[in-house]
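Line by line, the protein sequences are chains A and B. My numbering applies: residue 12 is where the first sequence begins, and numbers increase by one. My numbering applies: residue 3 is where the second sequence begins, and numbers increase by one. Built from N, CA and C at the ideal position, the CB exists for glycine as well. For clarity, every value in this text was computed on a predicted model and none was experimentally measured.
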Amino acid sequence: MTTPLLSVENIGRSFGGFVALADISASFAPRQVTAIIGPNGAGKSTFFNVLSGVLPPSTGAIRFKGKDLTGLRQHKFVHLGIARSYQITNIFPELSVHENVRVAAQAFVARYDVFSNRTRYGALDEKANAALAAVGLHAKGHRTAKALAHGEQRALEIAIALVADPELLLLDEPTAGMGPEETKDMVALIERLAAERTILLVEHKMKMILGLSDRILVLHHGRLIADGTPQSIQTDKEVRRVYLGQNDGYA
Amino acid sequence: MPPSPASAAAPPLAAQTGVKATGFGAMLQRWRVPLSVLALCLLPWVLPSQALAVNVLVFGLFAVGYNLLFGYTGLLSFGHAAFFGGGAYLTGIAIAHFGLGWFPAMLVGVLGAGVLAAIMGALSIRTRGIYFSMVTLALSQLVYYVALQASAWTGGENGLRGFTVSTINLFGFTVDFLDPVKKYYVLMVFAALALWFVSRLLNSPFGAVIEAIRENETRARACGYDVERTKLIVFILSGLICGLAGALSALHLAIVPLDTLHYQTSGLVVMMTLLGGAGSFFGPFVGALVFLLIEDVASLWTSHWQLIVGLIFIAFVLFLPKGIWGTLISRRTQG
Numbered sequence: 012m013t014t015p016l017l018s019v020e021n022i023g024r025s026f027g028g029f030v031a032l033a034d035i036s037a038s039f040a041p042r043q044v045t046a047i048i049g050p051n052g053a054g055k056s057t058f059f060n061v062l063s064g065v066l067p068p069s070t071g072a073i074r075f076k077g078k079d080l081t082g083l084r085q086h087k088f089v090h091l092g093i094a095r096s097y098q099i100t101n102i103f104p105e106l107s108v109h110e111n112v113r114v115a116a117q118a119f120v121a122r123y124d125v126f127s128n129r130t131r132y133g134a135l136d137e138k139a140n141a142a143l144a145a146v147g148l149h150a151k152g153h154r155t156a157k158a159l160a161h162g163e164q165r166a167l168e169i170a171i172a173l174v175a176d177p178e179l180l181l182l183d184e185p186t187a188g189m190g191p192e193e194t195k196d197m198v199a200l201i202e203r204l205a206a207e208r209t210i211l212l213v214e215h216k217m218k219m220i221l222g223l224s225d226r227i228l229v230l231h232h233g234r235l236i237a238d239g240t241p242q243s244i245q246t247d248k249e250v251r252r253v254y255l256g257q258n259d260g261y262a
Numbered sequence: 003m004p005p006s007p008a009s010a011a012a013p014p015l016a017a018q019t020g021v022k023a024t025g026f027g028a029m030l031q032r033w034r035v036p037l038s039v040l041a042l043c044l045l046p047w048v049l050p051s052q053a054l055a056v057n058v059l060v061f062g063l064f065a066v067g068y069n070l071l072f073g074y075t076g077l078l079s080f081g082h083a084a085f086f087g088g089g090a091y092l093t094g095i096a097i098a099h100f101g102l103g104w105f106p107a108m109l110v111g112v113l114g115a116g117v118l119a120a121i122m123g124a125l126s127i128r129t130r131g132i133y134f135s136m137v138t139l140a141l142s143q144l145v146y147y148v149a150l151q152a153s154a155w156t157g158g159e160n161g162l163r164g165f166t167v168s169t170i171n172l173f174g175f176t177v178d179f180l181d182p183v184k185k186y187y188v189l190m191v192f193a194a195l196a197l198w199f200v201s202r203l204l205n206s207p208f209g210a211v212i213e214a215i216r217e218n219e220t221r222a223r224a225c226g227y228d229v230e231r232t233k234l235i236v237f238i239l240s241g242l243i244c245g246l247a248g249a250l251s252a253l254h255l256a257i258v259p260l261d262t263l264h265y266q267t268s269g270l271v272v273m274m275t276l277l278g279g280a281g282s283f284f285g286p287f288v289g290a291l292v293f294l295l296i297e298d299v300a301s302l303w304t305s306h307w308q309l310i311v312g313l314i315f316i317a318f319v320l321f322l323p324k325g326i327w328g329t330l331i332s333r334r335t336q337g
């Protein structure tokens with residue numbers, strides 16, 4: 012048994028009186044793809060926001076490589092090796108595609124350098140190009156980010172996360188709003204990334220998740236109701252009742 | 003040998019600014035400090051009066067400092083009169099009450115404005131949008147009322163007087179500071195140094211960070227930047243430059259009117275920056291120049307000159323939101 016890369020212990024999060032997440036415990040082994048599914052409002056996004064430091068958990072603890080991350084400010088997470096993409100495309104729209112990724116890489120070498128010239132950090136250009144090449148955008152570095160197609164913007168966001176060389180990559184609906192062709196490209200990309208990294212993703216496209224994931228967590232009303240391989244999730248009665256049933260008419 | 007795709011993907015200037023760099027734009031960008039200094043050198047000879055030239059210099063620099071926060075970082079402060087006025091008052095007080103020389107007095111003014119900016123920034127930076135604007139406005143009004151009440155130090159309603167600098171000593175040379183031309187060029191040296199600093203900052207890695215924060219704060223934070231701390235640093239740097247503009251204003255006028263701290267002054271710098279083009283290097287100076295020129299010309303034939311300025315301002319916000327310089331530049335780079 013390998014030691015887990017990430018573990019969450021009894022984490023919960025409430026907003027006022029509303030409990031968005033309750034008592035979730037799970038640990039994640041390195042180099043696995045885990046999908047988090049659940050009906051709308053199940054707490055998937057809250058779970059992601061807690062894991063990436065956007066929201067501190069109300070209760071419980073998050074451990075990453077044995078280090079307690081609970082209450083750490085968000086910008087520190089990426090420095091420890093946790094990077095994320097957002098459900099709604101989150102890039103620097105007016106900057107060039109290349110600069111989008113370069114500035115992300117710069118966070119690891121120069122955050123407050125007021126005096127030297129940017130050209131001093133030439134190695135960042137190569138890092139940026141490598142990350143763009145990994146997502147297939149190397150030929151579009153000079154374009155303004157907002158001029159890219161939707162699927163390309165999603166890929167750019169992944170390049171931004173990737174340039175941090177994270178051990179854990181959190182992808183919030185990476186194929187949201189994509190057509191079948193773009194989805195296929197994205198799945199291929201995630202499969203390539205999964206060879207080297209631990210990936211957690213939130214998704215709605217069941218067919219894609221079943222093919223891609225090593226493990227699936229099912230959330231419902233903020234609780235973890237199932238945790239297992241795609242095969243065991245498909246046959247889980249509780250899951251069928253609360254989740255598949257609603258979408259596929261199993262009830 | 004054909005260029006490799008990697009090098010084709012990263013033209014050096016596009017990487018620096020994030021926008022397409024054409025020949026003309028790149029030339030302007032590279033030579034922006036020498037070109038600004040050249041324009042400032044010519045200013046007293048092309049404008050109707052030398053007093054107007056000094057005003058453009060002082061308010062242009064004020065707008066440059068403001069633009070760092072507003073144009074480049076995306077924070078709309080309504081309290082920058084506190085730094086401009088604070089720099090002016092502290093310079094004047096250092097001369098009038100403590101008998102300091104003009105140069106140490108300027109340092110007191112600039113650093114004092116920086117300290118003020120650190121305090122106001124620390125209190126306001128965590129609020130967002132309209133709340134940030136309101137907090138900065140409220141804090142600067144606090145400074146205004148302190149200056150109004152502490153009349154033993156500031157002269158209260160009458161403004162601060164009695165610190166005329168008639169001659170200054172520059173590296174062993176005595177310069178007649180009452181001669182408007184000589185005075186202009188002495189003050190211009192400081193403005194030029196500040197412009198050089200701002201240009202350097204924008205080219206620095208830190209410049210890339212503030213651009214990223216303006217573009218998308220959430221993403222910048224997720225990339226690993228401490229957004230609050232970065233904003234505070236920009237706020238302080240902006241306060242220092244506006245404080246310098248205030249110090250120059252005090253030395254120029256030899257009086258600090260109480261209005262310098264009034265929120266109208268904060269509004270003025272917003273208008274100048276927007277008029278010229280927020281987020282562009284030359285914009286604030288162009289905005290200050292056009293604003294003061296309109297005031298100068300229009301106030302000759304009507305006392306309602308502010309009406310004209312207001313109409314022009316409204317037209318710009320509605321039809322040319324990038325301002326005069328911003329529009330010129332984007333026309334040029336597109337065409």
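query	result
In angstroms, rounded to a whole number, what distance separates the CA positions of Ser-96 of chain A and Leu-253 of chain B?	53 Å
Ser-206 of chain B by DSSP, collapsed to three states: which one?	coil
For chain A, check one thing: does any of its Cβ atoms lie closer than 8 Å to the Cβ of Val-112 of chain B?	no
Can you find the residues in the same chain that come closer than 6 Å, C-beta to C-beta, to His-231 of chain A, ignoring five residues on each side of it along the sequence?	Gly-49, Ala-53, Val-253
Does the beta-carbon of Leu-250 of chain B have 16 or more other beta-carbons within 10 angstroms, so that it is buried, or is it exposed?	buried
For Ser-36 of chain A and Gly-25 of chain B, what's the separation of their Cα atoms in angstroms?	58 Å
Taking buried to mean at least 16 other C-beta atoms within 10 Å of its own C-beta, is Gly-103 of chain B buried or exposed?	exposed
What residues in the segment 212-229 of chain B have a beta carbon less than 9 Å from any beta carbon of chain A?	Glu-213, Ala-214, Arg-216, Glu-217, Asn-218, Thr-220, Arg-221, Ala-222, Arg-223, Ala-224, Cys-225, Gly-226, Tyr-227, Asp-228, Val-229
At least one CB of chain B closer than 8 Å to the CB of Ser-127 of chain A: is that the case?	yes
State the start and end residues of the unbroken beta strand (DSSP E) segment that holds Leu-179 of chain A.	179-183
DSSP on Asn-101 of chain A, reduced to helix/strand/coil?	coil
I need the boundaries of the alpha helix (DSSP H) containing Asn-171 of chain B, first residue and last residue.	Here Asn-171 of chain B belongs to no alpha helix (DSSP H); instead the beta strand (DSSP E) covers 169-172.
Work out the CA separation of Thr-209 of chain A and Met-217 of chain A for me, nearest whole Å.	20 Å
One question on the structure: do Ser-282 of chain B and His-82 of chain B come within less than 8 Å of each other, judged by their Cβ atoms?	no
Who does Gly-27 of chain A pair with in a DSSP beta bridge?	Answer by DSSP bridge pairing: none, since Gly-27 of chain A is not bridged.
Are the CB atoms of Phe-210 of chain B and Arg-129 of chain A nearer to each other than 8 Å?	The identity of residue 210 of chain B in the sequence shown is Ala, whereas the question assumes Phe. The answer is yes: Cβ separation under 8 Å.
Mark Arg-128 of chain B as exposed unless 16 or more other C-beta atoms lie within 10 angstroms of its C-beta, in which case mark it buried.	exposed
Taking only beta-carbon atoms, is Arg-202 of chain B less than 8 Å away from chain A?	yes
Along the chain, where does the alpha helix (DSSP H) that runs through Ala-118 of chain A open and close?	Ala-118 of chain A -> no alpha helix (DSSP H), and no H or E assigned at all.
What are the residues in the segment 274-296 of chain B lying within 7 Å of chain A by C-beta distance?	none
Residues of the segment 85-106 of chain A in Cβ contact with chain B at a cutoff of 7 Å, in chain order, please.	Gln-85, His-86, Val-89, His-90, Arg-95, Asn-101, Ile-102, Phe-103, Pro-104, Glu-105, Leu-106
Relative to chain A, which residues along the segment 176-206 of chain B have a C-beta separation below 8 Å, given in chain order?	Arg-202, Leu-203, Asn-205, Ser-206
Which one of A:Gln-242, A:Ala-166, A:Ser-56, A:Phe-126 has the shortest CA to CA distance from Arg-202 of chain B?	A:Phe-126
If I measure Cβ to Cβ from Ala-96 of chain B and keep anything under 6 Å in the same chain, skipping five residues before and after, which residues do I get?	Leu-102, Ala-107, Val-110
Buried or exposed: Ser-153 of chain B, going by 16 or more other Cβ atoms within 10 Å of its Cβ?	exposed
Using 10 angstroms around the beta-carbon of Glu-163 of chain A, count the other beta-carbons present and answer buried if the total reaches 16, otherwise exposed.	buried
How many whole angstroms separate the CB atoms of Leu-4 of chain A and Ile-244 of chain A, which I take to be in contact at a CB cut-off of 8 Å?	Outside the shown range of chain A, which is 12 to 262, sits residue 4 of chain A, and nothing can be said about it.
Quick check: is the beta carbon of Leu-122 of chain A nearer than 8 Å to any beta carbon in chain B?	The sequence given here places Arg at residue 122 of chain A; Leu does not occur at that position. At least one chain B Cβ lies under 8 Å of Arg-122 of chain A.
When DSSP labels each residue in this structure, what does Leu-230 of chain A get in the three-state scheme?	strand
How about Leu-42 of chain B and Ala-196 of chain B: are their beta carbons less than 8 Å apart?	no
Trp-327 of chain B: buried (16+ other C-beta within 10 angstroms of its C-beta) or exposed?	buried
Taking 8 Å as the threshold (beta carbon to beta carbon), is Ala-119 of chain B in contact with chain A?	no
Please list the partners that Gln-117 of chain A has in chain B, where partner means a Cβ-to-Cβ separation under 8 Å.	Pro-207, Ala-210, Val-211
For the segment 209-241 of chain B, which segments carrying the alpha helix (DSSP H) assignment without a break, of at least 4 residues, lie completely within its bounds, in sequence order?	219-224
Looking only at C-alpha atoms, which of B:Lys-324, B:Thr-304, B:Asn-218 sits nearest to Glu-105 of chain A?	B:Asn-218
So, at 7 Å on beta carbons, what are the nonlocal neighbours of Ala-98 of chain B in its own chain, with the 5 sequence-adjacent residues on each side left out?	Leu-162, Gly-164, Phe-165
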